[in-house]
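J.: One structure coming up, written as structure tokens, with questions to follow.
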Amino acid sequence: MFRAFDVPLGEGRALVSCDMITRPILATCQLLNEGNQAPAVPPRVHGPVATLLNDFLAAREHTEALCAKLEVSRDVLSVSQGEVARLKDQLAE
């Protein structure tokens with residue numbers, strides 16, 4: 017995964033349980049949002065991981081905006097379909 021995102025890697029070593037980044041660790045470092053528990057990047061943090069987290073948060077906001085637009089479009093479509101059905105009935109008469 018790191019290579020796919022061009023994150024520089026060192027020599028490497030086997031991981032142990034203390035190397036895991038868990039939710040409590042993220043919370044202790046204040047890297048979790050209260051509402052949805054997604055990682056948040058403090059403004060002073062830089063680097064490939066911070067960039068990926070910022071990109072993720074921006075993409076999620078964009079997705080949420082698109083979902084809101086989709087709901088509005090569905091409502092408009094429903095109203096339009098009702099109008100088409102009414103006009104078809106009126107034309108049939």
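Mapping of the sequence shown onto the numbering used here: residues 17 to 109, in sequence order.
No residue lacks a Cβ here, since even glycine has one placed at the ideal position from N, Cα and C.
Everything numeric in this text was worked out from a predicted model, so none of it was measured.
Does Ala31 come out as helix, strand or coil in the three-state DSSP assignment?
T.: Here residue 31 turns out to be Leu, not Ala, going by the sequence shown. Coil at Leu31, not helix or strand.
J.: Measure the C-alpha to C-alpha separation of Arg29 and Asp71 and round it to an integer number of angstroms.
T.: 28 Å
J.: Quick one: grab the DSSP three-state call for Glu80.
T.: helix
J.: To the nearest whole angstrom, what separates the beta carbons of Pro64 and Val23, a pair I think is in contact under 8 Å?
T.: 4 Å
J.: Can you look up Phe72 in the DSSP assignment and give me helix, strand or coil?
T.: helix
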